[in-house]
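Last residue of the sequence shown: number 360 in my numbering, and the count goes up by one each step with no gaps.
Shown next, in structure tokens, is the structure this report addresses.
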Amino acid sequence: MIKDVKDAYPRFTQIIGPTGTGKTCTTIRFGEQITEYAEKEGVDLKYIYVNCKVDGATRYVLFRNLVRKLTPKISTRSLSPEEMLRQFVEYLKAENIFSIITFDEIDYFVQINPKDHIIYDLTRTTETSPGEPSPIIGEIFIAKSLRWHERLDPGEKSTLGLGVIEFPRYTSPQVREILSSRVEEAFHPGAVSEETLDLVSDITANPPVNGDIRVGLDLLYYSGNLAENQGLNRVLPDHVRKVYSEINPSITSEDIMNLDKNGRLILLALVRSLRSSGSAYVGLRDLRKNYEVICEEFNLKPTERFEEHLQDLIYRGIVDMKSLTELGISGVSLIDLDQFLSSLAEKLRKEMK
């Protein structure tokens with residue numbers, strides 16, 4: 008691909024796998040390595056990573072952020088999404104730059120914007136100059152499964168092709184190897200015993216976590232914090248058990264950090280509503296009331312797009328909505344609810360500061 012880059016046409020690859028199986032970090036590492044290789048071959052290659060949850064709530068926002076990641080020289084203020092994409096390609100050609108782009112969480116974008124036909128746009132960049140090779144030589148689409156194809160038109164499915172790489176869940180030995188390497192990087196020698204590491208690995212590799220390495224990393228991080236707060240220089244299995252009793256495998260620190268301000272405020276309002284009701288579910292009216300109270304506490308104006316932000320939390324799998332009178336936190340039983348909500352409320356308040 009790199010050696011014949013001037014005659015290359017876009018290749019489309021899909022990377023599929025459950026949450027926490029290394030799809031994102033593997034793709035970013037690939038981008039770093041292929042950029043280094045291209046430089047040795049005398050090719051100016053720009054690798055661009057786009058997270059559709061963070062960078063693209065709409066087609067317009069996604070393309071605007073894509074252009075910004077390439078260059079600040081293109082003004083997107085008065086451009087339509089189609090014009091932005093055209094300007095993106097024209098800039099690459101004018102500067103003799105080639106690009107590989109990763110679209111992470113593409114399934115999320117297609118789910119919330121089913122009528123935008125984003126895949127049609129992204130897989131037909133060569134049509135700006137028919138018959139000519141494209142400066143975009145590769146596009147990578149990352150999703151949890153292939154079910155997002157159900158929302159695509161037949162034409163979009165066909166342009167994606169058959170290039171699919173599946174990332175299976177991590178096995179217990181793989182989890183332990185990854186966590187062990189992170190312990191070496193983040194902790195003082197001897198701070199995490201083999202027994203503690205075995206416990207974190209077993210919890211991470213088995214249901215309900217099912218190999219989500221992000222949960223294992225959260226366990227290590229918060230267990231280390233707990234030990235440090237107690238004035239200890241070792242992380243013990245009891246620290247891990249205590250932390251695990253207060254977290255929910257379906258909501259990680261990364262999930263919270265990826266929320267915008269209103270998403271965090273609504274989630275905090277839901278936490279407060281659930282705690283005051285003592286139930287696993289609350290109604291929309293109670294949630295909105297608590298949201299407005301929390302906005303007042305933080306001296307913030309409540310958003311007029313409350314329902315949109317709530318729907319986003321549902322799409323992300325953080326909020327469970329059975330009906331307008333049944334809103335809860337995904338994956339948390341009533342028995343575990345109080346401990347988990349206390350921990351989540353503390354994390355959310357820290358992020359709001």
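Backbone N, C-alpha and C fix where the C-beta goes; we use that ideal spot for every residue, glycine too.
The structure displayed is predicted, hence computed values, not measured ones.
Residue nearest to L77 within the set Y67, A64, R84 and Q94 is Q94 (criterion: CA-CA distance).
Counting every other CB atom within 10 Å of its CB across the protein chains shown gives V68 a total below 16, marking it as exposed. In the DSSP annotation of this structure, the continuous segment of the alpha helix (DSSP H) that includes Q40 starts and ends at K30 to K47. Excluding sequence positions up to five before and after H316, its CB lies within less than 6 angstroms of the CB of N269, G270 and I273, all in the same chain and listed in chain order. Taken in chain order, the whole beta strand (DSSP E) runs of length 3 or more contained in the region 48–73 are 52–58. Around the beta-carbon of E261, fewer than 16 other beta-carbon atoms lie within 10 Å, marking it exposed.
Secondary structure of R176 (DSSP, three-state): coil. Per DSSP, reduced to three states, the secondary structure at V190 is helical.
For R18, the enclosing beta strand (DSSP E) has its first and last residue at R18 to I23. Note on geometry: alpha-carbon atoms of Y54 and E201 lie some 39 angstroms from one another. In this structure, the alpha-carbon of P175 lies about 7 angstroms from that of T28. Straight across, the Cα-Cα distance linking V216 with D225 is about 12 angstroms.
The criterion of a C-beta distance shorter than 8 angstroms is not satisfied by T211 and D205. Boundaries of the beta strand (DSSP E) harbouring I149: I143 to A150, taken from the DSSP string. With at least 16 other beta carbons inside 10 angstroms of its own, T203 counts as buried. Between D111 and N58 a beta carbon distance of about 5 angstroms is seen, short of the 8 angstroms cut, so the two are scored as contacting. S330 and V278 have their C-alpha atoms roughly 17 angstroms apart.
The Cβ atoms of I126 and L99 do not sit closer than 8 angstroms to each other. Nearest C-alpha to L52 among R66, D62 and F37: F37. DSSP places S200 outside both helix and strand once states are collapsed to three, so it counts as coil. Ranked by Cα distance from E157, the first of G170, A193, Q118 and L92 is Q118.
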